[in-house]
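Worksheet: the structure to be examined is printed underneath.
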Amino acid sequence: MSESRCAGGVDLGSDPTEGMRAADDAVRSGDLQAARESYRALLARDLGNLDARVALDYVEYRLGGKHSRYQGLELNPSTETLEAKQRNLAVWEEEAAKGRVRLQSRPIHIFLEHTTRCNFYCLHCSKGYDEYEALDMDQGALEKVFEPLLPTTLGACITGFGEPTISKEYLYILRRLAENGVSPHFSTNTSTLTIPHLDLLLRIHADVILSLDGATRETFETIRTGGKWEHLLYSLHAIRWMRSILPSRARFSVTFVAMKMNVHELPEMVRLVHRYGLDSLKVHDFNPIGSAHEQAHRVDAGQSLWDDAKRANAIFDEAEKAARELGVEIHIPPRYVENSPGRTDSRWRKLLATRGFFPARRRFPQPCLLPWRAAQVRVNGVVSPCCVSTREMGNLSKKPFLEIWNDRPFRAFRRRMKTFFPPPECRKCHVFEGINNGNPANTMAKEGLLLKVLYFIEDLFARAWARYKDSRREPGEAPAPRYFKGKYLRTSSTD
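The numbering of the sequence shown is the numbering used here, which starts it at 4 and goes up by one.
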């Protein structure tokens, strides 16, 4: 037998790339035994061949017959379900075009925060600074969302203030979505991405966002405390290899929260996205949330790029150039306005630096339709207008969703969204679909002194109202936060 031919009969040749190709062809043809021997032979030649390691793990998973909790799910909606979704979409398109605030259509998208637990302790997340409840939605609460909405909704984002894949009901959620022809969309810290898990995500055509924030070991593990660079590399190799083997409409993209400490790695992140065949790269402006979190970053001199506009803009240009050359789809916020007040500057400094009294015309780059097309349901049953706003439109423990959807708070929010003075959370919104197109600093620099004063007054009233509500709360009404500051929550995995 030729030395280049392994015991299973697949000719590996002398080139490892050709050997991988031959073994991969054996997998595609269903000859898993021959493929297994081939991958073992490739690993014997080079223990560092991560593609061969991933492929061998996949083949052994398929051959071993080992039960996995990720097995048994398929995307298989009925014809009636698909027709109902299209009818609802047609009504929504008409109502959105007319700007109606009372809607006959149901949401075409759901934002579902089904857990606030997380197994990471990220530097830029307010979990490390503010108190929070580590909770999971139970199936009864989930059905208050699913029963009225899944028959007509087209998409579901199951990311909230936690790592969605460690929720106790994660697989129940995926099953209910799959039954109704809805592919899940979520962000993950990649910690649970195993071969069986990725196999499931490919079968149900999931839209997965990998939260990375660093293109090198040091930066990734510094920002995303709890993450391991070796596991991330394994996951990236597994995604690339399994997508080359299994037919799927699944998408795997990267989100990168740009800060002073990591923005220099953005061009390298573009190259990483290209190297592993990922679908896109979305760059987010860093926006501290929560009073303690915000204060901590002021003490640390701040990580926001608002007051480092020139450097950030130059790196954004470099990253976009690299993306064009490599054919990578990239989404970067509009360039920062140079010499504008920084994120950590005082309110008075921002007021004094304001250019003009009245807001600039067309200061918002785009309209936002999220309050017309979607709603966020939080782990405690609170319904909010979108994934950014924490404003309470109602609570599923008191009212059914469809009543909340057209109740007075929701209608008032939609109405205000259409004015020159949108809600304060919209003013600071950093998501690409929002009115700021991902860069609130630019929009706020154009709003003029009048609006800054109005927002300032509104904030004073909001803080006073919050203090009043706190004073009226019965002792012991709010449970104590179940976490330890400085220690991320740990979970176990069955795979």
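Every residue gets a Cβ at the ideal spot worked out from N, C-alpha and C, and that includes glycine.
Expected contact under 8 Å - CB spacing of residue i and residue j to nearest Å
i	j	result
residue 367	residue 460	Rounded, the Cβ-Cβ distance is 21 Å, inconsistent with contact.
residue 1	residue 111	Look at the range of the chain in this structure, 4 to 498, and you will see that residue 1 is not part of it.
residue 504	residue 262	Because residue 504 is not part of the residues shown, which for the chain are 4 to 498, the question remains open.
residue 224	residue 164	In fact, because the Cβ distance is near 22 Å, the residues do not count as touching under 8 Å.
residue 413	residue 388	7 Å
residue 325	residue 270	5 Å
residue 154	residue 82	Not really, about 13 Å apart at Cβ, beyond 8 Å.
residue 207	residue 181	5 Å
residue 159	residue 113	5 Å
Identity of the residue in the options nearest residue i by Cα
i	options	result
residue 398	410, 391, 390	410
residue 145	382, 446, 435	382
residue 57	188, 185, 243, 25	243
residue 55	232, 27, 184	27
residue 78	25, 253, 91	253
residue 49	24, 34, 19	19
residue 311	341, 320, 393	341
residue 53	206, 183, 186, 233	233
residue 99	215, 72, 374	374
residue 124	159, 192, 70	192
residue 278	430, 214, 239	239
residue 151	88, 70, 469	88
residue 201	475, 51, 245	245
residue 365	290, 445, 305, 80	445
DSSP bridge partner residues for residue i (one or two, in chain order)
i	result
residue 124	228
residue 88	DSSP lists no partner for residue 88.
residue 114	160, 379
residue 398	385
residue 214	258
residue 187	159
Rounded separation between residue i and residue j - CA only
i	j	result
residue 568	residue 220	As shown, the chain starts at 4 and ends at 498. That puts residue 568 outside it, with no answer to give.
residue 361	residue 227	41 Å
residue 22	residue 407	59 Å
residue 61	residue 198	6 Å
residue 300	residue 441	Low confidence applies here, because residue 300 scores a pLDDT of 49, under 50, leaving its location unreliable and the question unanswered by this model.
residue 229	residue 211	20 Å
residue 287	residue 162	16 Å
residue 427	residue 139	29 Å
residue 256	residue 126	21 Å
residue 285	residue 47	39 Å
residue 330	residue 103	40 Å
residue 370	residue 59	49 Å
residue 415	residue 106	13 Å
residue 142	residue 403	16 Å
residue 171	residue 386	21 Å
residue 336	residue 314	14 Å
residue 303	residue 434	Its pLDDT being 42, under 50, residue 303 is placed unreliably in this model, and the value from its coordinates should be taken loosely. Taking the straight line joining both Cα atoms gives about 25 Å.
residue 247	residue 33	15 Å
residue 318	residue 266	7 Å
residue 472	residue 458	21 Å
residue 372	residue 93	15 Å
residue 42	residue 205	22 Å
residue 425	residue 466	18 Å
residue 231	residue 90	46 Å
residue 418	residue 274	43 Å
residue 363	residue 338	17 Å
residue 190	residue 184	20 Å
residue 108	residue 95	5 Å
residue 376	residue 420	13 Å
residue 213	residue 236	12 Å
residue 475	residue 468	11 Å
residue 455	residue 393	21 Å
Cβ neighbours of residue i in the same chain (closer than 7 Å, five flanking residues each side left out)
i	result
residue 432	391, 438, 439, 443
residue 323	333, 335
residue 209	186, 187, 253
residue 500	With the chain covering only 4 through 498, there is no way to say anything about residue 500.
residue 29	13, 37, 38, 41
residue 203	73, 76
residue 24	none
Contacting residues, own chain, Cβ-Cβ under 6 Å from residue i (five flanking each side not counted)
i	result
residue 272	218, 259
residue 332	283
residue 380	115, 148, 386
residue 395	385
residue 451	359, 360, 361, 362
residue 378	110, 386
Any non-hydrogen atom of the ligand FMN within 8 Å of residue i CB
i	result
residue 421	This structure lacks the ligand FMN; in fact it carries no ligand of any kind.
Own chain residues within Cβ distance below 8 Å of residue i, not counting five before or after
i	result
residue 174	72, 73, 76
residue 222	216, 264, 265, 268
residue 464	none
residue 453	360, 361, 362
residue 405	109, 151
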